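Start counting at 1 in the sequence shown, then tack on 1083, and there's your number in our numbering.
Glycine is no exception: its CB is placed at the ideal position from the N, C-alpha and C atoms.
Fair warning: this is a prediction, and the values are worked out from it, not measured in the lab.
Below: one structure, written as structure tokens.
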Amino acid sequence: MIPRVKAYYNLTLTRKSEIMADILQKVVNEARQGEAFSPFESDPNVFKKRFYIESYGCQMNFSDSEIVASILHQEGYGATKNYEEADLVLLNTCSIREKAEQTVRNRLQAFRKIKDSRPGMLIGVLGCMAERLKAKFLEEEKLVDVVVGPDAYRSLPGLINEAETGQKMVNVLLSRDETYADIAPVRLDSNGITAFVSIMRGCNNMCTFCVVPFTRGRERSRDAESIVGECRNLFERGFREVTLLGQNVDSYYYTSASGDTVNFAGLLESVALISPLLRVRFSTSHPKDITDDVLHTMAAHENICKYIHLPVQSGNTRILQMMNRTYTREWYLNKVNRIREIIPDCGLSTDVIAGFCSETEEEHQDTLSVMEHSRYDMAYMFAYSERPGTLAERRYADDIPEAVKKRRLEEIIELQRRHSTESYLADVGKTFKVLLEGDSRRSDQQWCGRNSQNKMVVFSKSGTKSKPGEYAEVKITSSTGATLIGEAVS
Ligand code: SAH
Ligand code: SF4
Ligand code: F3S
């Protein structure tokens, strides 16, 4: 650990102690990375103060909460799962649809009572709603003390210190280069087996319906070495699956200080090579950016899961153009064909928006027919929700009546339900390699885990010696619309 030992003996005592302090700090940091502690440790001598955090929205927000936990941990804060005993209550918010924002506002009401009885408790709003509403949040919700946007979490300790003196604090500055690359996230609600790893932040795509480019700022890719380092560290601590996260992972592109470049296919391969026992997933892929190179990399490595989330949004080219998705119906269908060609057993899911501005019945039918062609295993389906400040809000009238949006959405959901049932039924009789995550929700006599295609598999413990974090071969005997049921085969 001490480089050039001979030279070390000739140093002054002060320099020696500086070097030793440095080494000690590294050991402490490594131990922290290795999570030799629990953020929920309840001993009051270990943590003087406690924070409680609730996350809404996409996986990136949940991943950000772990960065926030790490920043607070460095300041001596422990976590609690009970907001009534917290000194600091944080809501990491989402703005994607009006309903998401309403959920957060309702949740704030629950904290009002506690705050009335414990005025010293601070309430902070983080994430996309903080970024969208900025200081207005403090005017609208009087009980909020701190408002912090997604790129400003490093300033959280300073803001909390100020807020403790009674000052309301806001920092919603967006950054062009913040990726929190050097911060080792503290895993909250972890099963110790699967983890999210952020590989980029922001989005440059400007889909007209979407608030994300405004709340998350410009796209930037995180240092590839720090990503691979974090994944390797997770593997060494027993984790067996990492999901690489970004709003548009296929546009990942990092140039190192020495001028080397890494694209998403390269990054995916580097993570896959950490160990054949470490599974790799990723989300989300934009249909315009996912390349054959990525598909071939997936096909070449058994441990890169055969599953792609490929949001279509609409099956009609005119609507796709209005949405600024930059692909046509045909381009999307070709992408699906290409995926099926290169990775025949690939799981596929999507996002769909029903009732976007000016959408006709025929155009809605086009969405249903893309679904028929793609045969998604799963889909997230939404009625269009106009978001203030987006390009669609400025350019187009939100003119599809709510009842029509709702009916179209129901048709989409109904079709997807049929496709999911068919897709799960088609797996009966097949054998899959399943990574065990823990007890099934229904019974402690059953394990649950996912197959490569991201389908949940439940099977009896009696037929296997495998434990969580290990793999089992499971033969599927039946299915519900959303779970495969099977038995372990040796
Ligand atoms: N980056 C991802 C999507 C992130 S937002 C991508 O481009 O695929 C997740 C999903 O929310 C979107 O795919 C879209 O289907 C939905 N969504 C976003 N804005 C919406 C809005 N204004 N109304 C309804 N659904 C919306
Ligand atoms: Fe939003 Fe489009 Fe970016 Fe996805 S790609 S986050 S939908 S702007
Ligand atoms: Fe929501 Fe922000 Fe994610 S708006 S979906 S939390 S990027």
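Assuming residue i is part of the alpha helix (DSSP H), what are its boundary residues?
i, result
"Q1142", "1142–1157"
"Y1415", "1412–1425"
"K1558", "Element bounds for K1558: not the alpha helix (DSSP H) but the beta strand (DSSP E), 1554–1562."
"Q1448", "1444–1457"
"H1502", "1485–1508"
"D1376", "1375–1383"
"T1186", "1181–1200"
"F1439", "Taken as a continuous stretch (DSSP letters only), F1439 belongs to no alpha helix (DSSP H), as it is neither H nor E."
"G1210", "1210–1216"
"V1295", "1295–1299"
"N1407", "Unbroken run through N1407: none, as it is neither H nor E."
"L1361", "No alpha helix (DSSP H) holds L1361; DSSP gives it neither H nor E."
"I1276", "Counting along the chain, I1276 falls outside any alpha helix (DSSP H), and DSSP gives it neither H nor E."
Can you have a look at residue i and say buried or exposed, based on whether 16 or more other CB atoms are within 10 angstroms of its CB?
i, result
"M1252", "buried"
"F1123", "exposed"
"H1456", "exposed"
"H1379", "exposed"
"R1087", "Residue placement at R1087 cannot be trusted, given a pLDDT of 42 that sits under 50; what the coordinates show is reported in the next sentence. Exposed."
"Q1108", "A caution first: Q1108 carries a pLDDT of 48, below 50, which makes its placement in the model too unreliable to give a value."
"G1117", "Confidence at G1117 is low in this model, with a pLDDT of 45, below 50, so the placement of that residue should be treated as unreliable; the coordinate-derived value is given next. So G1117 ends up on the exposed side."
"Q1192", "exposed"
"S1200", "exposed"
"N1537", "buried"
"N1420", "exposed"
"V1280", "buried"
"L1239", "buried"
"N1112", "The predicted position of N1112 is uncertain, since its pLDDT is 48 and thus under 50; a value taken from the coordinates is nonetheless stated next. N1112 should be labelled exposed."
"A1278", "buried"
"D1343", "exposed"
"D1527", "exposed"
"N1331", "buried"
"K1548", "exposed"
"A1119", "In this prediction, A1119 has a pLDDT of 47, which is less than 50 and means its spatial position is unreliable; nothing more can be read from the coordinates."
"L1242", "buried"
"S1573", "exposed"
"P1359", "exposed"
"A1218", "exposed"
Comparing alpha-carbon positions, which option in the options lies nearest residue i?
i, options, result
"V1151", "V1269, R1180, R1524", "V1269"
"T1400", "H1447, C1141, I1422, H1379", "H1447"
"G1546", "K1558, R1215, M1539", "K1558"
"M1406", "S1441, R1180, T1374", "S1441"
"T1514", "K1489, V1208, D1428", "D1428"
"E1520", "N1288, K1182, R1533", "R1533"
"I1276", "Y1554, L1567, T1566", "Y1554"
"T1367", "R1490, E1444, C1286", "C1286"
"P1296", "E1324, R1305, R1259, G1312", "R1259"
"G1232", "V1435, S1397, D1147, D1481", "D1147"
"D1333", "E1149, F1292, D1375, R1320", "D1375"
"L1361", "C1293, I1197, E1324, A1437", "E1324"
"L1155", "L1567, S1178, D1170", "D1170"
"E1224", "E1247, N1189, P1202", "N1189"
Taking 7 Å as the cut-off, is the C-beta of residue i nearer than that to any heavy atom in the ligand MG?
i, result
"I1422", "Only the ligand SAH, the ligand SF4 and the ligand F3S can be found as ligands here, which leaves the ligand MG out of the picture."
Residue j and residue i - do their beta-carbons sit closer together than 8 Å?
i, j, result
"T1560", "G1569", "yes"
"I1282", "R1315", "no"
"A1307", "Y1263", "no"
"C1290", "R1215", "no"
"Y1459", "T1433", "yes"
"F1322", "Y1335", "no"
"E1476", "E1485", "no"
"M1454", "L1492", "no"
"V1255", "A1235", "yes"
"M1539", "S1503", "no"
"G1300", "L1351", "no"
"A1565", "F1542", "no"
"V1047", "V1354", "Not covered by the structure: residue 1047. The range shown for the chain is 1084 to 1573."
"V1172", "Y1135", "yes"
"L1328", "Q1185", "no"
"Q1396", "I1436", "yes"
"G1398", "D1482", "no"
May I ask which residues mark the beginning and end of the beta strand (DSSP E) holding residue i?
i, result
"V1345", "1344–1346"
"A1162", "1160–1162"
"N1175", "1171–1176"
"S1138", "1132–1138"
"R1259", "Unbroken run through R1259: none, as it is neither H nor E."
"V1572", "1566–1572"
"F1322", "Where F1322 is concerned, there is no enclosing beta strand (DSSP E), given that its DSSP letter is neither H nor E."
"A1462", "1461–1466"
"K1251", "It is not in any beta strand (DSSP E) - K1251 carries neither H nor E in the DSSP assignment."
Specify which residues have a beta carbon nearer than 5 Å to any heavy atom of the ligand F3S, listing them in chain order. Result (chain order): G1140, C1141, N1144, C1177, S1178, I1179, C1211, V1295.
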